[in-house]
Amino acid sequence: MPGRTPKIGNIGHDQFTLPSSIRVQAVIIHRAFVREVLQTIGAVMAILVSIFLAIRVVKILQDAVEGDVPLESIFTILILKLITHFNIIIPLVMFVSVLLVQNRWSRDNETIVIKACGVSAKTFLKPASILVLIMGIITGLFSLYLGPLSAHIGKNIEIDFRNRSDISGVVPGVFTETRSGQGVYFVEAFNQDIKQYKDVFVYNGGEKEGVVVANNGFK
């Protein structure tokens with residue numbers, strides 16, 4: 032009987048150290064999960080962004096050929112369009128990345144090994160929630176600030192180009208219709224040296240109908 036006493040003490044010691052070892056294993060597994068999800072996010076993001084750019088560049092080039100956007104601003108407009116769609120792309124990338132990692136772990140029987148180590152599937156809720164929270168903050172930033180700002184800048188580029196196109200087509204002494212067909216320009220003369228128009232008349236027949244008359248105007 033006295034010889035069994037150390038054995039009982041060892042069993043009690045193992046019972047207390049077992050939960051600690053499981054926690055260490057869980058931390059290691061969670062770090063591996065987060066690392067693989069982030070790596071997968073990078074790959075999926077690159078693929079989706081490439082597809083988006085390939086589709087949008089065709090539309091923007093078509094607009095440039097038709098004279099709706101400036102050729103020198105195609106790349107800028109393309110990036111601005113991409114930023115406005117990040118609030119949709121980011122949640123999709125996050126969802127697909129988590130599914131891909133879980134599917135790979137299941138296919139390689141890694142989930143069985145994890146359960147054999149005593150790590151429950153419920154413990155993955157914490158690292159997954161942290162990733163979702165971070166992605167949610169980034170998505171909110173694009174949705175509430177960066178997206179609308181990019182859309183506003185892109186719209187201003189297109190409007191400025193159309194206005195410059197209308198002005199460049201004005202011929203002194205001739206009434207010139209705007210590209211939209213809702214307005215008319217007229218200038219009496221144009222000084223090429225100082226880029227100045229003389230006796231300017233502008234009629235806008237759009238939503239805000241009005242007439243602008245000025246003695247001088249600058250290009």
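Position in the sequence shown counted from 1, then plus 31, gives you this note's numbering. Backbone N, C-alpha and C define an ideal beta-carbon position, used for all residues, glycine too.
If the five residues before and after Tyr-234 are omitted, its C-beta is found closer than 7 Å to the C-beta atoms of Gly-214, Val-215 and Val-242, all from its own chain and listed in chain order. DSSP places Gly-241 within a strand segment (E or B) once states are collapsed to three.
In this structure, Arg-135 keeps its C-beta atom at 9 Å or more from the C-beta atom of Lys-112. Using a C-beta cut-off of 8 Å, the segment 123-137 makes contact with the segment 66-74, since at least three inter-stretch Cβ pairs fall below that distance.
Nearest in C-alpha terms to His-116, of all of Leu-172, Ile-165, Leu-92 and Ser-137, is Leu-172. Relative to Ile-114, the option among Glu-103, Lys-90 and Leu-177 whose CA is nearest is Leu-177. The way I'd put it, the segment 74-94 doesn't touch the segment 156-176; fewer than three beta-carbon pairs between them come closer than 8 Å. Beta-bridge partners assigned by DSSP to Val-215: Glu-208 and Tyr-234. In the assembly as shown, Gly-204 is an exposed residue. Its beta-carbon has fewer than 16 other beta-carbons within 10 Å.
Fewer than three pairs of CB atoms, one per stretch, sit closer than 8 Å, so the segment 217-224 makes no contact with the segment 145-157. Collapsing the DSSP output to three states places Gly-149 in coil. Distance from the CA atom of Gly-185 to the CA atom of Ser-174, rounded to whole angstroms, is 16 Å. Under a 10 Å Cβ-count criterion, Ser-137 is classified as exposed, with fewer than 16 other Cβ atoms of the shown protein chains found around its own Cβ. Just measuring C-alpha positions, the residue of Gly-236, Ala-77 and Val-96 sitting nearest Leu-123 is Ala-77.
With respect to the 9 Å criterion, Ile-108 and Ile-59 are not classified as neighbours on the basis of their beta carbons. Assignment of Asn-140 by DSSP, reduced to helix, strand and coil, places it in the coil class.
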